[in-house]
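With numbering that gives the first Met the number 0 applied, the sequence shown covers 0 to 520. A quick write-up on the structure given underneath.
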Amino acid sequence: MSGPTAEATTSDRGSVRSGQITVRCPATGEVVGTVPNLDREGIAGQCADLRRAQPAWESLGPQGRSIHLLRWLDWLLDNERRLLMLVQKETGKSWADASMEMSVVVDVINYFAANAAAFLQDRHVKPAGPANSLRRLRVQVRPHQLVGLITPWNGPLAGPMMDVVGALTAGAAVISKPSEVTPLAWSEAVRGWRDEIGAPPVLDVATGTGDAGSAVVDQADMVMFTGSVRTGRAIAVRCAERLIPCSLELGGKDALIVLADADLERAAGAAVWGGMTNSGQACVGVERVYVEAPVYDEFVELVTGKVSALRQGMDAPGSFASDIGAMVTTAQVDIVADHVADAVAKGARVLVGGQRGAGNTFQPTVLVDVDHSMRCMREETFGPTLAIMRVDDEDEAIAMANDSEYGLSSSLWTRDRARAERLSRRIEAGSVSVNNALVATFQMPVPMGGWKNSGLGSRFGGAAGVLKYCRQQSVVEERFTPKSEPMWYPVNPTRSRLMSRAVRFLGAHDWRRRLDLRGRR
Ligand code: NAD
């Protein structure tokens, strides 16, 4: 791996030079900050410090750790405007989209802090089998000492927060690697933890490019990654080589299915919100819509009206004057433009939008007459587009929704609960929002995880959201401690024969076998 290069890459968003990353606002082009581009040695040093601090953190217990997490929440809220301004400047988001990040922060910290003790308590279980009946069995959990947390650029504050809280709650130390494109808000949040609230130094931030991410993978005991399929696969391979676990939250191509009995007004509103929120740069964003033929025209008209009314652009902090903002990278705008051009070349029609806009935006776009030969229906667009396809019936809708390498989330619209229940079991995705979009993603008591190429493992899921950062340890304790046991040496033929008979007598399910009468039939 390379350390900081003397004259390294220059991206559309900023530059990496001599150990420093310069971050620019995608909407305005202004420089909004710099962070170090840490090298392998620097990250190894951070990790060694984190490992030194971790045992004391673990020994605080879940309640002691929750106190620090709640203090952090206080500090984050006290500094909300400043943090969200950083989020906005490094992403070009609308203020509404930036603000949503803080609501995720609040929910995640409160949920895990409130449930930490219950999630981490020892499990006392009944022994199995007569020979073990006098033993006491307990399962206790111990954290992986150092969790590596690597995140993408679409949610600079909420993204890392969705996973760091579970890991810290577990008692792990965490080395976090934010995207080199958007490292500012998260670096400031981690500074808050380290410098402002008196918390133990068990959280640090390793800013840098993909090389820094790879250094984190080489240092950690467990890796939590969110990002593209390509990087996720490379990380999984490296983790396999190191024999350490990883959990991967990857890309998506989420489908929304509208059946003829749906509330169309609400479905159209959800499709537009689900497709356009964060300028479409959401892993669980709605990208494909399948509508039953009888309601197709009405649905398309409703969606078209709502998308035409969207206000776009990076608005002033606190103003909530815009619906969606800029896109984070020009490379992503290029992908969106390519998908739209490819669809149009293959026969799709653009009903709204379809063009690049000012300030690194792409206009909110509705595509119809689409099919699965088009990139917009198969590859992750990750932009403000909705591609809507007419289907004959629910079977075709499900078949089309499942015709994807991805399986992150999905959305299903019908007024018939039994139908929703039945169809949800046929959708090949990690979650299904019924009569809403995106919401399944942010329910901490249930798992959020991708099927197929969308991931490995899951986040949240109640206790599972903390236990994934732990190793299980079984403790088997003797109630009685005689000087010897029947199986111990020396082998005694009479005793061993008796034991074999006892195993058969107690374990078999019929008298012939219990009494070993097979030969005597
Ligand atoms: P990316 O995979 O390019 O980068 C993600 C992170 O990995 C960055 O911090 C990057 O520096 C780091 N990285 C790059 N190469 C690495 C390597 N070899 N080893 C270790 N780390 C490395 O993804 P992106 O373009 O930043 O983000 C967009 C993608 O993230 C989309 O595919 C989107 O769907 C996905 N995403 C998924 C979820 C989810 O929960 N499933 C959430 C948000 C985004």
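All C-beta atoms in this analysis are idealised placements derived from N, C-alpha and C, irrespective of residue type, glycine included.
May I ask you to report which of helix, strand or coil DSSP gives S99?
-> On the sequence shown, residue 99 is found 100 positions in, with the first residue counted as 1. Here residue 99 turns out to be Met, not Ser, going by the sequence shown. Correct three-state label for M99: helix.
Compute the distance between the beta-carbons of L82 and A205, then report whether it is under 7 Å.
-> As a working note, residue 82 is residue 83 in the sequence shown. As a working note, residue 205 is residue 206 in the sequence shown. No, the Cβ-Cβ distance between L82 and A205 is not below 7 Å.
Taking DSSP as the reference, what is the three-state secondary structure of L69?
-> Residue numbering aside, residue 69 sits at position 70 when the sequence shown is read from its first letter. Three-state DSSP puts L69 in a helix.
Helix, strand or coil: which one does DSSP assign to S1?
-> For the purposes of this step, residue 1 is taken as the residue at position 2 of the sequence shown. Reliability of the predicted coordinates at S1 is poor, the pLDDT of 32 falling under 50, and no value is obtained from them.
Does the pairing of the segment 400-410 with the segment 276-291 give three or more beta-carbon distances under 8 Å?
-> yes
Per DSSP, cross-strand counterpart(s) of D253 = On the sequence shown, residue 253 is found 254 positions in, with the first residue counted as 1. Partner(s): V285.
Considering only residues of the same chain and omitting the five flanking positions on each side of D509, which have a CB-CB separation below 6 Å?
-> The residue you call residue 509 lines up with position 510 of the sequence shown. Excluding positions up to five away in sequence, the list is empty.
Residues in its own chain within less than 7 Å of A462 by CB, not counting five upstream and five downstream?
-> Walking along the sequence shown from the start, residue 462 turns up at place 463. Here the set comprises F118.
Assigned exposure category for M486 - 16 Cβ within 10 Å defines buried = As a position in the sequence shown, residue 486 is number 487, starting the count at 1. Result: exposed.
Where H508 sits in the DSSP three-state scheme | In the sequence shown, the residue the question calls residue 508 occupies position 509. Here H508 sits in coil by DSSP.
Consider the C-beta atom of C24 and the heavy atoms of ligand 1; say whether any pair is separated by less than 6 Å.
-> Counted from its first residue, the sequence shown places residue 24 at position 25. C24: no, Cβ never under 6 Å from ligand 1.
C-alpha gap between A325 and E264, whole angstroms = Position 326 of the sequence shown, counted from the first residue, corresponds to residue 325. Position 265 of the sequence shown, counted from the first residue, corresponds to residue 264. Answer to the nearest angstrom: the Cα atoms are 27 Å apart.
If you draw a straight line from the alpha carbon of A428 to that of S409, how long is it in whole angstroms?
-> As a working mapping, residue 428 is identified with position 429 in the sequence shown. As a working mapping, residue 409 is identified with position 410 in the sequence shown. Roughly 7 Å between the two C-alpha positions.
Just tell me which of T380, D341, P316, V306 has its CA closest to the CA of G352.
-> The count along the sequence shown starts at 1 and reaches residue 352 at position 353. Per the Cα distances, V306.
Starting from T384, follow its DSSP beta bridges and name the residues at the other end.
-> In the sequence shown, residue 384 corresponds to position 385, counting from 1. In DSSP, T384 forms a bridge with T364.
Short check: CB of G454 to CB of L249, under 7 Å?
-> Within the sequence shown, the letter at position 455 stands for residue 454. Within the sequence shown, the letter at position 250 stands for residue 249. A contact, by the Cβ cut-off of 7 Å.
Please list, in chain order, all residues of the same chain as R389 whose beta carbon is under 7 Å from its beta carbon, the five residues on each side excluded.
-> By 1-based counting over the sequence shown, the position of residue 389 is 390. Excluding positions up to five away in sequence, the list reads V290, A292, Y295.
Under 7 Å between the Cβ atoms of V34 and G147?
-> Residue 34 sits at position 35 when you count from the first residue of the sequence shown. Residue 147 sits at position 148 when you count from the first residue of the sequence shown. No.
Reduced DSSP secondary structure (H/G/I, E/B, other) of R513 | In the sequence shown, residue 513 corresponds to position 514, counting from 1. Note: R513 maps to helix in three-state DSSP.
Would you say F298 and A254 are within 7 Å of each other, going by their C-beta atoms?
-> Locating residue 298 in the sequence shown gives position 299, where the first residue counts as 1. Locating residue 254 in the sequence shown gives position 255, where the first residue counts as 1. No; because the gap between Cβ atoms is not below 7 Å, this pair is not in contact.
Within 10 angstroms of the Cβ of K482, are there 16 or more other Cβ atoms? Answer buried if so, exposed if not.
-> The sequence position of residue 482 within the sequence shown is 483, counting from 1. Per the 10 Å Cβ criterion, exposed.
When the Cα atoms are used, what is the spatial distance from Q471 to P244?
-> Taking the first residue of the sequence shown as 1, we reach residue 471 at position 472. Taking the first residue of the sequence shown as 1, we reach residue 244 at position 245. The alpha-carbon atoms of Q471 and P244 are separated by roughly 13 Å.
Leaving out five residues on either side along the sequence, give the residues of the same chain with a beta carbon under 8 Å from the beta carbon of S132.
-> For the purposes of this step, residue 132 is taken as the residue at position 133 of the sequence shown. Within the same chain, S132 has close Cβ partners P126.
Could you tell me whether the Cβ atoms of S430 and A419 are closer together than 7 Å?
-> For the purposes of this step, residue 430 is identified with residue 431 of the sequence shown, where counting begins at 1. For the purposes of this step, residue 419 is identified with residue 420 of the sequence shown, where counting begins at 1. The answer is no: Cβ separation not under 7 Å.
With 16 other Cβ atoms within 10 Å as the buried cut-off, status of I256 | On the sequence shown, position 257 is the one that residue 256 refers to. So I256 ends up on the buried side.
Expressed to the nearest angstrom, what Euclidean distance is found between the alpha-carbon atoms of S175 and P155?
-> Here residue 175 refers to the residue found at position 176 of the sequence shown. Here residue 155 refers to the residue found at position 156 of the sequence shown. Roughly 12 Å separates the two Cα atoms.
Going along the chain, which residues of its own chain have a beta-carbon closer than 7 Å to the beta-carbon of P521, five neighbours each way excluded?
-> Since the first residue shown for the chain is 0 and the last is 520, residue 521 is missing from the structure and cannot be characterised.
Residues bridged to Q280 by DSSP?
-> Start at 1 with the first residue of the sequence shown, and residue 280 comes out as number 281. Paired residue(s): none; Q280 is not in a bridge.
Please indicate yes or no: does the CB of I149 lie closer than 6 Å to some heavy atom of ligand 1?
-> Numbered from 1 along the sequence shown, position 150 holds the residue referred to as residue 149. Yes - ligand 1 has a heavy atom lying nearer than 6 Å to the Cβ of I149.
Entirely enclosed alpha helix (DSSP H) segments - the segment 417-474, minimum 4 residues | 463-466
Between the CA atoms of T21 and A7 - distance to the nearest angstrom | Here residue 7 refers to the residue found at position 8 when the sequence shown is read from its first residue. Here residue 21 refers to the residue found at position 22 when the sequence shown is read from its first residue. Reliability fails at A7, whose pLDDT of 37 lies under 50, so the model's placement of it is uncertain and no value is given.
For the segment 201-268, list the beta strand (DSSP E) runs that are entirely contained and at least 3 residues long, ordered along the chain.
-> 202-204, 221-225, 245-248, 253-257
Would you say the beta carbon of S58 comes nearer than 6 Å to a heavy atom of ligand 1?
-> In the sequence shown, counting from the first residue as 1, residue 58 sits at position 59. Every heavy atom of ligand 1 is 6 Å or more from the Cβ of S58, so no.
Find out if the Cβ-Cβ distance for the pair V302, A270 is shorter than 7 Å.
-> What you label residue 302 is simply residue 303 of the sequence shown in a count that begins at 1. What you label residue 270 is simply residue 271 of the sequence shown in a count that begins at 1. Yes, the Cβ-Cβ distance between V302 and A270 is below 7 Å.
Whose C-beta lies closer than 6 Å to the C-beta of W192 among residues of the same chain, with five residues either side of it excluded?
-> Position 193 of the sequence shown holds residue 192. Result list for W192: W71, A198, L202, in chain order.
Got a sec: does ligand 1 put a non-hydrogen atom nearer than 6 Å to the Cβ of A233?
-> For this step, residue 233 is matched to residue 234 along the sequence shown. A233: yes, Cβ under 6 Å from ligand 1.
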